[in-house]
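Colleague:
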Amino acid sequence: MSPNLSGRVALVTGASRGLGAAIATKLGACGARVCVNYWASEAKARAVCAAIEQSGGAAAACKADSRDEAQVRGMVEGIRKLWGPVDILVVNATGPQPFLSVEEQTWQSYLDQLEFFVKSPLILLKECLPAMKERRYGRVIQIGSEVFELGNPRFANYVAAKGAQYGQTRSWARELAPWGITVNLVAPGWIPTERHDGTSPADLAIYAAAVPMKRQGVPDDVAAAVAYLASAEANFVTGQKIAVNGGNTLE
Numbered sequence: 191m192s193p194n195l196s197g198r199v200a201l202v203t204g205a206s207r208g209l210g211a212a213i214a215t216k217l218g219a220c221g222a223r224v225c226v227n228y229w230a231s232e233a234k235a236r237a238v239c240a241a242i243e244q245s246g247g248a249a250a251a252c253k254a255d256s257r258d259e260a261q262v263r264g265m266v267e268g269i270r271k272l273w274g275p276v277d278i279l280v281v282n283a284t285g286p287q288p289f290l291s292v293e294e295q296t297w298q299s300y301l302d303q304l305e306f307f308v309k310s311p312l313i314l315l316k317e318c319l320p321a322m323k324e325r326r327y328g329r330v331i332q333i334g335s336e337v338f339e340l341g342n343p344r345f346a347n348y349v350a351a352k353g354a355q356y357g358q359t360r361s362w363a364r365e366l367a368p369w370g371i372t373v374n375l376v377a378p379g380w381i382p383t384e385r386h387d388g389t390s391p392a393d394l395a396i397y398a399a400a401v402p403m404k405r406q407g408v409p410d411d412v413a414a415a416v417a418y419l420a421s422a423e424a425n426f427v428t429g430q431k432i433a434v435n436g437g438n439t440l441e
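Numbers given in this note's numbering equal positions in the sequence shown, counted from 1, plus 190.
(1) For W273, count neighbouring C-beta atoms within 10 Å of its own C-beta (all shown protein chains included) and say buried if the count is 16 or more, exposed if not.
(2) Nearest to L195 by alpha carbon, out of T296, E324 and R329?
(3) Please report the distance separating the alpha-carbon of N347 from that of A250.
(4) Buried or exposed: P378, going by 16 or more other Cβ atoms within 10 Å of its Cβ?
(5) Taking the Cβ atom as the reference point for each residue, do K352 and V337 lie within a distance shorter than 8 Å?
(6) Would you mind listing the alpha helix (DSSP H) stretches within the segment 382–424 that are 4+ residues and don't spill past its ends, in chain order?
(7) Any chance you could list the alpha helix (DSSP H) runs of at least 4 consecutive residues sitting entirely within the segment 328–387, in chain order?
(8) Answer with buried or exposed for T389, where buried requires no fewer than 16 other C-beta atoms within 10 angstroms of its C-beta.
(9) Skipping 5 residues on each side, what residues in its chain have a beta carbon closer than 7 Å to that of R344?
(10) Just tell me which of L217, R223 and Q261 has its CA closest to the CA of P193.
(11) What whole-angstrom Cβ distance do T203 and V308 have, given they're in contact under 8 Å?
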């Protein structure tokens with residue numbers, strides 16, 4: 191049985207493809223009105239909106255760079271005028287994720303990742319927070335990664351940013367709990383999406399063989415976890431990380 195999100199307004203960043211598209215579609219199927227945020231492809235964002243609408247939901251494509259304060263402010267204000275304040279904020283947008291040796295990494299390569307995983311969540315939350323506090327309700331869900339536990343080599347810039355994102359989530363959860371606002375993080379394993387087109391079957395098989403469930407997940411697995419955290423059933427869950435990786439990491 192899917193969670194009931196009727197009457198809720200959701201904003202999903204980076205929702206024109208991959209995990210973001212699956213999350214937006216799931217929230218729409220659960221009854222939320224969904225802002226499908228995108229930056230590069232309006233056509234893909236509108237396709238996600240069409241899928242949500244075909245299943246009886248409501249959706250709107252919203253172009254904005256989630257790292258830009260002015261654009262985020264305009265997007266959140268546009269949502270407010272269309273449907274009302276954001277109830278569910280899903281921070282998913284990401285950018286290039288190059289593998290770099292220590293010798294190849296620079297401080298800028300770290301900043302590039304921190305822009306997506308620390309700055310973007312901050313400016314998004316600050317825009318949505320006043321209305322959440324006023325209504326004493328909100329769901330903030332960050333999309334993290336298992337790499338923080340695994341410590342993937344040649345990936346320290348990304349791993350460090352994901353670790354900072356998790357710390358940010360935990361601190362916000364404690365600070366905002368008195369207002370009935372929950373803040374959690376979903377940490378997927380390696381779940382192939384369009385981003386991974388061109389990956390060799392051998393590499394996919396090597397990863398899957400190491401997962402206790404002996405397979406890789408699919409975007410809908412992540413979307414289901416997000417929908418749960420967005421729902422009334424998760425009213426008393428905050429500051430947590432839910433790993434969606436078939437047991438590949440244990441805490």
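C-beta atoms are modelled at their ideal positions from N, C-alpha and C, and glycine is treated no differently.
Modeller: Considering the structure as presented:
(1) buried
(2) The shortest C-alpha separation from L195 is found at R329.
(3) 33 Å
(4) buried
(5) yes
(6) 391–400 and 409–420
(7) 337–340 and 346–366, all fully within the segment 328–387.
(8) Under this definition T389 is an exposed residue.
(9) F289, L290 and S291
(10) That would be L217, whose Cα lies nearest to the Cα of P193.
(11) Not a contact, Cβ separation roughly 14 Å.
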